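Trainee: If you count by the UniProt record's numbering, then the sequence shown holds residues 1 to 100, one letter each, in order.
This is the structure, below, for whatever I ask next.
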Amino acid sequence: HPVKEPVVNDDGSGSLVADIAARGVWQPQVTTLFDISVIDSDASFYLQKPPISVLKTTEKEKKLKYGADCESHHATFTPLCVTIDGLLALEMSRFIKHLS
């Protein structure tokens, strides 16, 4: 059986798809959806911003994009954002600490 990405919303205007779905990560029997972003904070677009600001902005945008649809499916959402240099965003750092 092929494994498919978890569809968060498919209202016909373009599907909203998470990268990973897992149950029991933050709460027993609750599905958490994850979207992964690897950011080149050295790209010309980001040069005027500190890398941590780029990560915070990306996390915020992901939460706005996925949050309401995840809640309507009784799921939680966690953005996993990291720069190509290995700097972790707050939610990614929190997730890794939770796993260890």
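Every residue, glycine too, gets a C-beta built ideally from N, C-alpha and C.
Note that the structure is a prediction, hence the values are computed from the model and not measured.
1. To test your reading of the DSSP string, which unbroken beta strand (DSSP E) runs of 3 or more residues are found completely within the region 2-90?
2. Quick check on this structure: which residue in Leu87, Val25, Gln48 has the alpha carbon closest to the alpha carbon of leucine 99?
3. Thinking C-alpha only, which one of Ile52, Leu80, Arg94 is nearest leucine 33?
4. Please return the same chain residues whose Cβ sits closer than 6 Å to the Cβ of proline 50, not counting the five positions on each side in sequence.
5. Put serine 93 into one of helix, strand or coil per three-state DSSP.
6. Within a Cβ cutoff of 8 Å, which residues of the same chain sit near leucine 87, ignoring the five residues on either side of it in sequence?
Mentor: This is what the structure holds:
1. Counting only runs that start and end inside the region 2-90, the beta strand (DSSP E) elements of at least 3 residues fall at 7-9, 20-23, 31-39, 76-83.
2. Nearest C-alpha to leucine 99: Val25.
3. Comparing alpha carbon positions, the residue from Ile52, Leu80, Arg94 closest to leucine 33 is Leu80.
4. Correct list: empty, nothing qualifies.
5. Shown here, serine 93 sits in a helix according to DSSP, grouped into three states.
6. Hits under 8 Å: Ser41, Pro51, Ile52, Leu55.
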